Amino acid sequence: MTQGKKIAVILDIVDSRQLADRSRVQADLERAFAVVDERTAPVEPLTATVGDEFQAVYANLTDALEATLLARLAMPDAVDCRFGIGAGDIRPVGTGMTGILQDGTAWWAAREAIDEAHRRADTRVPSLRSWYRSSAGDASAMATVNAYLLSRDHLVSAMGARERRLALGTWLGRSQAALAAEEQISQSAVSQSLRRSGVTALQAGMQQLRDAGAEAEAEADADAGAGARAGVAEGAPC
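With this note's numbering as the guide, the letters of the sequence shown map in order to residues 11 to 248.
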């Protein structure tokens, strides 16, 4: 059962009412999200909820950031999505028709985040598709993550359908030769597309975030261990 500090993600489809065949798009999305889930190992996979909305839960922020990036790259042609990413608590509150009902500050933060992503895209930054909120209210951390999301979304929004497919394939470890054969283009064309679209920068950015997350986790473990040892020492007989 999902409980405790987690990352909640809310996803909705951009301009879903304009899609001609919503049922076909739904099936395409489920196949795309299966690829994302296999790569990122979510606590709870991307699952349809109501209307054009999906939800997922991740153990940490870097997993959620990678999953939301891959979800955009895996989108069917002419379909796009936006995300609200929220950090906080998740707790079960009952059982509904679709399973366990959840509540908590992570979901509240994710809802605020997707509303903010929508507002900013409509007013100032049309390329923006993601936003992050933390229930802890760490303004510095939120600003850093959102600066990354602004740049990331700008790169992905500028990609064409083929560029997204090539970016996704590269991210999943497929060779340029295999991608060229699938797209029926030359390997040189694949290489040029990857350089032009900024995939290398996206991968480097994600690695920086993973390294920072691992370092922070190691520091937290070290602090916890030091605190436990200090407590034992204080309780030891003189």
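Where is the CB? At the ideal position from N, CA and C, for every residue including glycine. Source: prediction; values computed, not measured.
Note that the region 143–156 does not touch the region 169–176; fewer than 3 beta-carbon pairs, one per stretch, sit closer than 8 Å. For the pair of segments examined, the region 155–166 was found to touch the region 73–93: the number of CB pairs separated by less than 8 Å reaches three.
Taking a C-beta distance under 8 Å as the contact criterion, Q112 and I100 qualify as a contact pair. In the displayed model, G215 falls within a helix according to three-state DSSP.
In this structure, A123 places its C-beta atom within 8 Å of the C-beta atom of Y142. Under the 10 Å beta carbon count, A66 is surrounded by 16 or more other beta carbons and is classified as buried.
According to the DSSP assignment, S144 belongs to the beta strand (DSSP E) that extends over S140 to S144.
Nearest Cα to D87 within the set D73, N70 and A42: A42. Judged by DSSP secondary structure, Q194 falls outside any beta strand (DSSP E); it is assigned neither H nor E. Nearest Cα to L219 within the set S140, L71, T180 and R92: L71.
When DSSP states are grouped into helix, strand and coil, R184 belongs to the coil group. D62 sits in coil when the DSSP states are folded into three classes, being neither helix nor strand. Taking 8 Å as the cut-off, the Cβ atoms of A119 and G98 count as close.
If you ignore the 5 residues before and after A131, its C-beta comes within less than 6 Å of the C-beta of L138, all in its own chain and listed in chain order.
Taking all protein chains in view, the Cβ of G147 is surrounded by fewer than 16 other Cβ atoms within 10 Å, so the residue is classified as exposed.
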